[in-house]
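Quick note: the sequence shown uses UniProt numbering, first residue 1, plus one each step. Glycine residues also receive a C-beta, built at the ideal position from the N, C-alpha and C atoms. Predicted model only: the values in this text are computed from it and were never measured.
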Amino acid sequence: IATPHFVQHLKRVLTADNDAILWRQNQPFSLAHFTPRTDWHPATGAPQPEQQQLLQQLLTMPPGVAAVTAARGRGKSALAGQLISRIAGSAIVTAPAKAATDVLAQFAGEKFRFIAPDALLASDEQADWLGVDEAAA
Numbered sequence: 001i002a003t004p005h006f007v008q009h010l011k012r013v014l015t016a017d018n019d020a021i022l023w024r025q026n027q028p029f030s031l032a033h034f035t036p037r038t039d040w041h042p043a044t045g046a047p048q049p050e051q052q053q054l055l056q057q058l059l060t061m062p063p064g065v066a067a068v069t070a071a072r073g074r075g076k077s078a079l080a081g082q083l084i085s086r087i088a089g090s091a092i093v094t095a096p097a098k099a100a101t102d103v104l105a106q107f108a109g110e111k112f113r114f115i116a117p118d119a120l121l122a123s124d125e126q127a128d129w130l131g132v133d134e135a136a137a
């Protein structure tokens with residue numbers, strides 16, 4: 001199957017990615033120097049330093065709306081679950097599907113009720129907190 005556009009796109013992406021190793025045919029193999037990274041540690045369930053700082057800010061902020069944005073896989077759902085586990089009062093969480101709240105639930109436990117967005121709009125459910133988790137949408 002001819003896929004010239006994809007092949008050209010892939011070549012462009014790989015060439016531009018500093019973390020990709022590209023070994024061209026008939027050329028000597030060499031490794032570029034990579035930026036040092038901290039050693040990987042298995043998750044303990046405790047917030048990462050950046051999450052801890054944000055968690056403190058969220059816990060001490062006055063009532064209002066807060067939006068947390070970050071790239072995929074950066075811990076937004078885990079942070080939301082940690083926040084729900086620490087707040088006083090009841091919480092409703094909505095997401096495109098209940099399965100999208102699995103990570104949040106690992107950290108929040110049973111401290112929230114899941115209600116689908118359409119059901120939430122049609123209901124008169126009340127809670128002290130509303131969480132919208134669209135990270136896995």
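Would you kindly work out how many angstroms separate the C-alpha atoms of proline 62 and arginine 86, rounded to a whole number?
-> 16 Å
Roughly how many angstroms separate the alpha carbons of alanine 80 and phenylalanine 29, rounded to a whole number?
-> 45 Å
Tell whether a beta-carbon distance below 8 Å holds between glycine 64 and tryptophan 129.
-> no
Do we get a CB-CB distance below 8 Å when we pair tryptophan 23 with the residues of chain D?
-> Considering every chain present, this structure includes no chain D. It has just one protein chain.
The beta strand (DSSP E) enclosing isoleucine 92, as first and last residue numbers | 91-94
Where threonine 44 falls, given that 16 or more other Cβ within 10 Å makes a residue buried | exposed
List the endpoints of the continuous alpha helix (DSSP H) containing glycine 81.
-> 76-86
Can you find at least 3 beta carbon pairs, one from the region 4-17 and one from the region 37-53, that sit closer than 8 Å?
-> no
Bridge partners - tryptophan 129, DSSP secondary structure assignment | Ala91
Bridge partner(s) assigned by DSSP for arginine 113 = Ile92
Looking at the structure shown, is leucine 59 part of a helix, part of a strand, or coil, going by DSSP?
-> helix
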